[in-house]
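Trainee: Sharing a structure here in structure tokens format.
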Amino acid sequence: SDFDRSYQTYESMVEDALSCTRCDLCETRKNVVVCDGTPDARVMVVGEAPGATEDEMGKPFVGRSGQLLIRLFGEIGISREDIYIANVIKCRPPENRDPTKDEINRCGAFLEAQISFVQPKVIVPVGNFATRYVLQTKEGITKLRGKTFARANSVVIPTVHPAYVLRNGKRAEEDMRKDLLLVNQILEG
Ligand code: URA
262 SDFDRSYQTY ESMVEDALSC TRCDLCETRK NVVVCDGTPD ARVMVVGEAP GATEDEMGKP
322 FVGRSGQLLI RLFGEIGISR EDIYIANVIK CRPPENRDPT KDEINRCGAF LEAQISFVQP
382 KVIVPVGNFA TRYVLQTKEG ITKLRGKTFA RANSVVIPTV HPAYVLRNGK RAEEDMRKDL
442 LLVNQILEG
């Protein structure tokens, strides 16, 4: 099936994603948002789906959420260039609605390939959708954030979504800060 498809090269995965018509989101997207950063990165962030700014620019986490996320990574000495950034869903859902199960299943082969080519030391899924996909669980982010999990050769450390931090202020921001300190600790260890 499409889901099991594996790619010979990283570049062929990117090329396939850029012309993808596996779901209806291809009809409303402006750009496919595959990733940002180098596949050599030691840390990978996984978000939910592109928003309006990301759809416009063709890059993940370049809007308000992205600015917050990158600022907090900056506080622990990790810059945007150090991070491989991807989303579960590569195309913007209209009105930023939640991705459907069907969209997630059809798009999953890309993230699977990204994780297996990058083999990051640490994967940081942000928010419920990314955490549930990366850890293949139905458990929620509140219970999972700030803990370490194993996935293949990577350590997974879920944290809250930056959009949630933007809505919820200081306390949520402190949660993300704490989780990123753990990320740094694992990266240095
Ligand atoms: N929110 C996400 O989950 N991903 C992005 O790329 C931007 C906002």
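So for the sequence shown, the working numbering puts the first residue at 262; every next one is plus one.
Yeah, the Cβ is synthetic: ideal placement off N, Cα and C, and Gly gets one too.
Considering only heavy atoms of the ligand URA, does any lie closer than 8 Å to the CB of Val387?
Mentor: If you number the sequence shown from 1, residue 387 lands on position 126. Yes, since a heavy atom of the ligand URA falls inside the 8 Å radius drawn around the Cβ of Val387.
Trainee: Helix or strand or just coil, what does DSSP make of Pro423?
Mentor: Locating residue 423 in the sequence shown gives position 162, where the first residue counts as 1. Helix.
Trainee: Which residue comes first and which comes last in the alpha helix (DSSP H) that contains Asn445?
Mentor: By one-based count along the sequence shown, residue 445 stands at place 184. Unbroken alpha helix (DSSP H) run through Asn445: 431 to 449.
Trainee: How would you label Thr392, buried or exposed, when you count the other beta carbons within 10 angstroms and need 16 or more for buried?
Mentor: As a first step, residue 392 must be located in the sequence shown, where it is residue number 131. Buried, by the Cβ-count rule.
Trainee: Would you check whether the ligand URA has a heavy atom nearer than 8 Å to the C-beta of Ile365?
Mentor: For the purposes of this step, residue 365 is taken as the residue at position 104 of the sequence shown. No, the beta carbon of Ile365 sits no closer than 8 Å to any heavy atom of the ligand URA.
Trainee: State the DSSP-derived secondary structure class of Ala370, mapped to helix, strand or coil.
Mentor: Locating residue 370 in the sequence shown gives position 109, where the first residue counts as 1. Reduced to three states, the DSSP call for Ala370 is helix.
Trainee: Let me check understanding here. Comparing Cα to Cα, which of Cys296, Gly338, Arg428 lies closest to Pro321?
Mentor: Looking up residue 321 in the sequence shown gives position 60. For the residues Cys296, Gly338, Arg428, the minimum Cα distance to Pro321 belongs to Cys296.
Trainee: List in chain order: all unbroken beta strand (DSSP E) runs of 3+ residues lying wholly within the stretch 319 to 353.
Mentor: Qualifying beta strand (DSSP E) stretches, in chain order: 344 to 348.
Trainee: Report the rounded CA-to-CA distance for Ala278 versus Ile337, giving the unit in angstroms.
Mentor: The sequence position of residue 278 within the sequence shown is 17, counting from 1. The sequence position of residue 337 within the sequence shown is 76, counting from 1. Ala278 and Ile337: Cα-Cα distance of roughly 32 Å.
Trainee: With a threshold of 16 other CB atoms inside 10 Å of the CB of Asn357, please say whether the residue is buried or exposed.
Mentor: Position 96 of the sequence shown, counted from the start, is the residue given in the question as residue 357. When all chains shown are included, Asn357 counts as exposed.
Trainee: Would Arg406 pass as a contact of Asp440 if the rule is Cβ separation under 9 Å?
Mentor: Reading the sequence shown from its first residue, position 145 is the one you call residue 406. Reading the sequence shown from its first residue, position 179 is the one you call residue 440. Going by C-beta atoms, Arg406 is nearer than 9 Å to Asp440.
Trainee: Tell me Pro360's beta-bridge partners as DSSP assigns them.
Mentor: If you number the sequence shown from 1, residue 360 lands on position 99. Pro360 pairs with nothing; no bridge assigned.
Trainee: For Gly401, count neighbouring Cβ atoms within 10 angstroms of its own Cβ and tell me buried if that reaches 16, exposed if not.
Mentor: Taking the first residue of the sequence shown as 1, we reach residue 401 at position 140. Classification for Gly401: exposed.
Trainee: Report the rounded CA-to-CA distance for Asp265 versus Ala370, giving the unit in angstroms.
Mentor: Walking along the sequence shown from the start, residue 265 turns up at place 4. Walking along the sequence shown from the start, residue 370 turns up at place 109. At Asp265, the pLDDT of 44 sits below 50, so the modelled position is not reliable; the number obtained from the coordinates is stated separately. Each residue's Cα considered, the two are about 7 Å apart.
Trainee: With DSSP collapsed to three states, give me the class of Ile384.
Mentor: On the sequence shown, residue 384 is found 123 positions in, with the first residue counted as 1. Reduced to three states, the DSSP call for Ile384 is strand.
Trainee: Need the endpoints of the alpha helix (DSSP H) that Val275 sits in, please.
Mentor: The residue given as residue 275 occupies position 14 in the sequence shown. Run containing Val275: 271 to 279, per the alpha helix (DSSP H) assignment.
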